[in-house]
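The block underneath contains the structure these notes are about, expressed in structure tokens.
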Amino acid sequence: ELACDLVTVGLGSAYALSLAGKASLVPGLAELTAAGMPAGMPAIGQELPFFGCMELSREAEGGGTVVPLFMSFADGEEAAIEARNAGDGEEENLQMAPFALPSIVEHLSGMPE
-17 ELACDLVTVG LGSAYALSLA GKASLVPGLA ELTAAGMPAG MPAIGQELPF FGCMELSREA
43 EGGGTVVPLF MSFADGEEAA IEARNAGDGE EENLQMAPFA LPSIVEHLSG MPE
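The opening position of the sequence shown corresponds to residue -17 in the numbering used here, with each subsequent residue numbered one higher.
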């Protein structure tokens, strides 16, 4: 039996540790499946998926747009359903799309502050 403690770590710190080879980010199977991973592949070694929908974006206070990203596919789908129910019909085809954590970091690191 393994004697492991669970420790809360922020995503940025966990990602930095994984880049340094000191930790592994292991996504949940439900999220990997929703992101399109074929059945039978191991979760370890897969990129951490996030889910977003461009149609859910909103204006940021300082200008530009903000796209909400969800670590849980189910939470993202729930947000899309709420937007469909609250909308004027244009939100009918809202669909969540997967984004890998490294691509999000790369995109955000190239943005002006």
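The C-beta atom is built at its ideal place from N, Cα and C for all residues, glycine as well. In this text the structure is predicted, and so the values were computed from the model without any measurement.
Taken through DSSP and simplified to helix, strand or coil, P84 comes out as helix. Where G(-6) is concerned, the enclosing alpha helix (DSSP H) starts and stops at -7 to 1. Counting the other Cβ atoms within 10 Å of the Cβ of M23 gives fewer than 16, which makes it exposed. Assigned with DSSP and collapsed to three states, E41 falls in strand. Proximity of the stretch 50 to 70 to the stretch -6 to 8 falls short of the contact definition, fewer than three beta-carbon pairs being nearer than 8 Å.
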